[in-house]
Amino acid sequence: MKWIAGLMLWNLTLGLQLLGRLSLNQILTDTWCSSGGLSANGTFVQTGGSGGGGRSVRYLSGCNTCDWEEHPMSLSASRWFSTQHILPNGNFILVGGRRMFNYEYIPDGGGSNDVYFPLPFLQETTDLFENNLYPFVFLSTDGNILIFANNRSILLNPTTNKIVRELPILDGVKYPTELRVKKFCPPYFDPLLISDRPAITSDYKGKMVKYRGYIVVEFKLKKAKVDQLDLKVVALPSAEIAPPGFYLIFVVHNGVPSSGIWVQIA
């Protein structure tokens, strides 16, 4: 990456599977400490940033010739160090940001927000060190949003925009920053287990699986006496469990996983 005049960012995309294929993409808005996530169709959606990029929403699709699509004034507030999370309906919620004690929903591509929703919880959990930046945000299995900052957490209903529950305050002490790095190699990478590793032959590219629908996964196994095996499994039950999007499927045999394949669920 290269900064030009402190404002213009160029990012270099390398196709790791197609060595030599490089593309240079231009970003005009400041992305420093922004947020991002993948939409239901696989588009990368990035929000906020520093300075003039704080209200921006950016889109990058996955085609070989795609470039950034930027909307510098889409958000209602400047989002720097905010958290972005996909919802069961495929939309995104955007929580917090530096000195932004509120949240909003990312508008449709090219649109803009006029309002945001106050969230006093974020102001109550801030301090002089502002250590509740990038609050932890997770989708609960009941469709509510768990927001965790410092030692406190709440459940927010994204449909009614009401706090449905305040969870108990966590006890504990301050822990020092952990700067060590540990090299880890999973035991299933042992070369002696290669004959236990399945190889998926199914191809779901361009296909979409419905919730509670069936997925047939065909695979090969060196130890098996037949050329082809298959499993018929049921897809995830709802968007509250897994929002629409792309998921990896693995076949595991004797604790040894296959390489994964991408499946789009909606």
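According to mature numbering (1 follows the signal peptide of the UniProt record, and there is no 0), the residues represented by the sequence shown are -15 to -1, 1 to 251, in order. Positions of the beta carbon are idealized from the N, C-alpha and C atoms, including for glycine.
- Residue state for Q31 is assigned as strand, using DSSP reduced to three classes.
- For the stretch 205 to 230, the full-length beta strand (DSSP E) segments reaching 3 residues or more read 214 to 219 along the chain.
- In the structure shown, S180 adopts helical secondary structure according to DSSP, grouped into three states.
- Comparing alpha carbon positions, the residue from V237, S41, Q69 closest to L178 is V237.
- A residue is called buried when at least 16 other Cβ atoms come within 10 angstroms of its Cβ; E89 meets this threshold and is buried.
- Under DSSP, S20 shares a beta bridge with T32.
- DSSP places F86 in no alpha helix (DSSP H); its state is neither H nor E.
- Look at L107 here: in three-state DSSP terms it is helix.
- The beta carbon of L206 is closer than 7 Å to those of P183, L214, H238 in its chain, skipping five residues each way along the sequence.
- The Cβ atoms of L118 and F77 lie no closer than 7 Å to each other.
- For G81, the closest of I132, S180, Y160 by C-alpha to C-alpha distance is I132.
- Within the model, the alpha-carbon separation for T144 versus V100 is close to 15 Å.
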